[in-house]
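Residue numbers (the working numbering), protein chains in the order written: chain F, 107 to 449; chain V, 107 to 449.
Virtual Cβ for every residue (Gly too), placed ideally from N, Cα, C.
Below: one structure, written as structure tokens.
Number of protein chains: 2
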Amino acid sequence: MKFLTVFENTPVSPPPVWMMRQAGRYLPEYRETRARAGDFLSLCLNPELATEVTLQPIRRYGFDASILFADILLIPHAMGQPLAYREGEGPVLEPVRDRAQVARLAGDSAERLSPVYQTVRNLRAALPAEVALIGFAGAPWTVAAYMVEGRGGKGFVAARRWAFSDPDGFQTLIDMVTEATIHYLLAQIEAGANAIQIFDSWAGLLPASQLERWVIRPTRRIVEALKARHPQVPVIGFPRGVGPAVPAYCAGTGVDGVSLDESLDPAWAAQAVPAGVVLQGNMDPQFVVAGGPAMRAEADRILAVLAGRPHIFNLGHGLVPETPPEHVSELVAHIRAPVGAGA
Amino acid sequence: MKFLTVFENTPVSPPPVWMMRQAGRYLPEYRETRARAGDFLSLCLNPELATEVTLQPIRRYGFDASILFADILLIPHAMGQPLAYREGEGPVLEPVRDRAQVARLAGDSAERLSPVYQTVRNLRAALPAEVALIGFAGAPWTVAAYMVEGRGGKGFVAARRWAFSDPDGFQTLIDMVTEATIHYLLAQIEAGANAIQIFDSWAGLLPASQLERWVIRPTRRIVEALKARHPQVPVIGFPRGVGPAVPAYCAGTGVDGVSLDESLDPAWAAQAVPAGVVLQGNMDPQFVVAGGPAMRAEADRILAVLAGRPHIFNLGHGLVPETPPEHVSELVAHIRAPVGAGA
């Protein structure tokens with residue numbers, strides 16, 4: 107698999123390509139399947155339909171990697187925290203705000219996610235042999251931030267305040283999420299995932315003084331637990347928004363690759379991130395909405411800067427619903443055009 | 107003034123201190139004055155009341171600097187773009203989305219902001235001699251992003267798309283805002299402001315490839331225009347969210363100081379930012395909500411890391427409405443406690 111070759115510290119040209127949220131609302135076939143599933147949670151937990159939406163972008167674009175269709179909040183759901191997805195509002199959870207509420211959560215939650223493992227098995231059977239299957243989970247800080255806050259969008263202030271003012275109490279939640287995530291990701295690997303990505307979408311909301319305890323340490327615990335059983339499975343971290351702390355994140359967690367958000371200059375990353383770490387990224391998804399010469403020039407810039415370094419082409423964040431699907435085709439074709447072909 | 111001494115490349119111990127949004131909803135006396143003013147725009151444009159709310163935190167806490175009470179959207183308002191502040195929703199503007207709409211804006215807007223200059227004159231007369239008065243404006247990118255989007259909170263996707271897909275058209279808006287901002291800030295200085303801060307609150311939404319054109323170049327234009335007339339007035343930039351690009355921002359714009367958001371490790375900044383640039387920041391405002399030992403320990407960490415370097419103590423972002431006012435007193439007292447006093 108071209109995608110896995112990159113992790114042998116071998117640059118591949120053109121680089122493998124996939125896109126965060128490649129299965130999603132911008133695709134008419136996704137919207138059709140989603141309508142059949144009913145709510146979002148039912149879609150995530152229906153192996154047949156989750157398999158279908160995961161495969162849709164592979165059929166259309168022939169990406170080098172497929173990412174399991176699921177949601178980072180399946181972990182709190184499996185822990186017994188009431189979760190609903192409200193149209194136009196995003197996910198809403200009943201907040202967990204103290205140790206007593208943490209103690210009421212179910213620690214043995216990974217079993218309850220068996221439909222997800224069935225989706226992984228279906229996918230590994232259905233995907234072309236050369237397409238890697240990426241399993242994923244949210245990082246403990248990001249998942250815990252949702253669990254405490256109950257919803258996104260407001261800077262997760264309740265989670266930050268709890269972490270700052272009662273770190274030992276907040277640690278009990280982080281530890282529980284970390285353990286559940288380890289079991290969840292091990293089960294995904296054992297069902298057939300070829301690589302893992304850990305999404306710490308809200309890492310950038312923490313001040314630098316808190317990054318080691320809430321981002322780096324729990325992620326290292328996960329990476330170590332996965333490596334102990336499956337040393338050959340690459341783990342990609344996505345510490346969105348941590349800026350100059352990306353190199354410390356890589357060194358501290360032991361990830362094999364790091365996904366760069368669009369705010370980062372790939373030239374900076376190429377110099378600052380340890381050479382053994384694969385760089386993934388990092389086009390602004392709004393360039394894919396724009397399309398055309400602007401999108402192609404931005405792709406060329408990223409490809410040129412990261413040429414000669416193990417690189418997986420991706421976005422800095424997920425594809426947005428307004429993306430015209432033909433712009434994705436255009437981008438994939440452009441990346442795969444032979445160098446010097448004048449594309 | 108202790109605040110200005112720092113800009114003579116002289117570390118001051120303890121450092122001068124002020125806090126972004128130090129005049130604001132967390133103060134009961136602010137809420138009382140705000141209720142008298144009616145809406146937010148009326149408060150900004152009423153010299154008597156704007157002077158009063160600016161002075162309130164100085165009376166309570168004796169900060170080393172006062173910042174003019176105003177809003178970054180006064181510039182579009184003065185340009186004739188309809189603006190309303192809706193309770194619970196924030197500012198709403200009628201979006202400007204193409205060159206024709208830009209052409210209808212008033213270029214000579216700075217005159218219309220004369221109530222703001224009256225507030226500056228009032229303040230300079232009323233403030234103690236040792237308290238610096240900071241004037242401010244939004245940076246062109248951040249102001250233009252609001253003008254195009256019409257509101258905050260959604261990642262300013264319309265502004266990003268316009269900048270990416272029609273850079274020459276978007277440039278006409280940036281240029282117009284830049285010129286208006288120069289006139290506005292010159293008038294603030296001429297009315298008595300001792301220093302200027304330029305808030306680029308949404309700089310972090312731009313990918314690295316776009317930073318030079320939309321953030322650095324317009325800011326440099328402003329800094330150069332201010333320096334040409336008032337070389338002694340320090341200019342502080344606040345490129346929030348740009349992470350590892352902070353040093354390039356400082357070098358490219360010529361600012362005298364840079365305000366660091368809370369995601370940045372001050373130890374990194376002390377090493378990466380050119381030595382002649384004053385560092386301002388950067389406690390997470392949620393630590394001031396938390397208060398107590400956690401807040402004091404975080405202050406100590408920042409003070410220790412930046413000791414020996416010209417530093418202005420501040421937050422990484424504005425004080426939030428939930429902040430207990432007594433935590434601010436506690437923080438100021440702690441910063442001013444003699445080193446080694448065991449505070």
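The C-alpha of residue 107 of chain V is placed about 50 angstroms away from the C-alpha of residue 198 of chain F.
Under the three-state reduction of DSSP, residue 423 of chain V is assigned to coil, being neither helix nor strand.
Spatial neighbours of residue 251 of chain V in its own chain (CB-CB distance under 6 angstroms, excluding positions within 5 residues in sequence) are listed in chain order as 262, 265, 308.
As for any beta strand (DSSP E) of minimum length 3 sitting wholly inside the segment 280-333 of chain V, the runs are 301-306, ordered along the chain. In this structure, the straight-line span from the alpha carbon of residue 355 of chain F to that of residue 337 of chain V is close to 41 angstroms. Between residue 317 of chain F and residue 127 of chain F, the C-beta gap is not smaller than 8 angstroms, which leaves the two residues out of contact.
For chain F, the residues of the segment 371-383 of chain V that bring a beta carbon within less than 9 angstroms of one of its beta carbons are 371, 372, 373, 374, 375, 378, in chain order. Relative to the Cα of residue 217 of chain V, the nearest Cα in the group V:293, V:321, V:125 belongs to V:293. A distance below 8 angstroms separates the beta carbons of residue 371 of chain F and residue 351 of chain V. Taking a contact to require three or more Cβ pairs closer than 8 angstroms, the segment 216-233 of chain F and the segment 283-297 of chain F qualify as touching. With a beta-carbon spacing of about 12 angstroms, residue 235 of chain V and residue 170 of chain V fall beyond the 8 angstroms limit used to define contacts. Below the 7 angstroms Cβ cutoff, chain V contributes 315 as neighbours of residue 404 of chain F, in chain order. Residues of chain V whose Cβ lies closer than 9 angstroms to the Cβ of residue 348 of chain F are, in chain order, 349, 369.
Between residue 225 of chain F and residue 283 of chain V, the alpha-carbon positions lie close to 52 angstroms from each other.
Distances from the alpha-carbon of residue 429 of chain F to those of F:442, F:130, F:418, F:112 put F:130 closest. In the structure shown, the three-state DSSP call for residue 336 of chain V is coil. Residues of chain F whose Cβ lies closer than 7 angstroms to the Cβ of residue 400 of chain V are, in chain order, 270, 271. In terms of beta-carbon proximity, residue 393 of chain F lines the interface with chain V, with at least one pair separated by less than 8 angstroms.
When rounded, the separation of the alpha-carbon atoms in residue 223 of chain F and residue 153 of chain F is 8 angstroms. For residue 213 of chain V, the secondary structure class from DSSP, reduced to helix, strand or coil, is coil. For chain F, the residues of the segment 245-263 of chain V that bring a beta carbon within less than 7 angstroms of one of its beta carbons are 263, in chain order.
In this structure the segment 412-427 of chain V lies against the segment 378-394 of chain V, because at least three pairs of beta carbons, one per stretch, are closer than 8 angstroms. 8 angstroms or more divides the Cβ of residue 204 of chain V from the Cβ of residue 256 of chain V.
Neighbours of residue 323 of chain F across chain V, judged by C-beta separation under 8 angstroms, do not exist; the nearest C-beta is about 16 angstroms away. Between the C-alpha atoms of residue 117 of chain F and residue 413 of chain F there is a straight-line separation of about 8 angstroms.
Secondary structure at residue 163 of chain V: helix, using DSSP grouped into helix, strand and coil.
Of the residues assessed, residue 269 of chain V falls on the buried side of the cut-off, its CB having 16 or more other CB atoms within 10 angstroms. In terms of Cα proximity to residue 375 of chain F, the closest of V:363, V:349, V:368 is V:349. Within chain F, not a single residue places a beta-carbon under 8 angstroms from that of residue 306 of chain V; the smallest gap is close to 13 angstroms. With a threshold of 8 angstroms between beta carbons, residue 442 of chain F makes no contact with chain V. DSSP places residue 271 of chain F within a helical segment (H, G or I) once states are collapsed to three. Under the DSSP assignment, residue 189 of chain F falls in the beta strand (DSSP E) whose first and last residues are 189-192.
Boundaries of the beta strand (DSSP E) around residue 344 of chain V: 341-345. Judged by DSSP secondary structure, residue 249 of chain F falls within the alpha helix (DSSP H) whose first and last residues are 246-255. In this structure residue 383 of chain F does not touch residue 411 of chain F by the C-beta definition: roughly 16 angstroms separates them, more than the 8 angstroms allowed.
A straight line joining the alpha-carbon of residue 220 of chain F with that of residue 433 of chain F spans about 36 angstroms.
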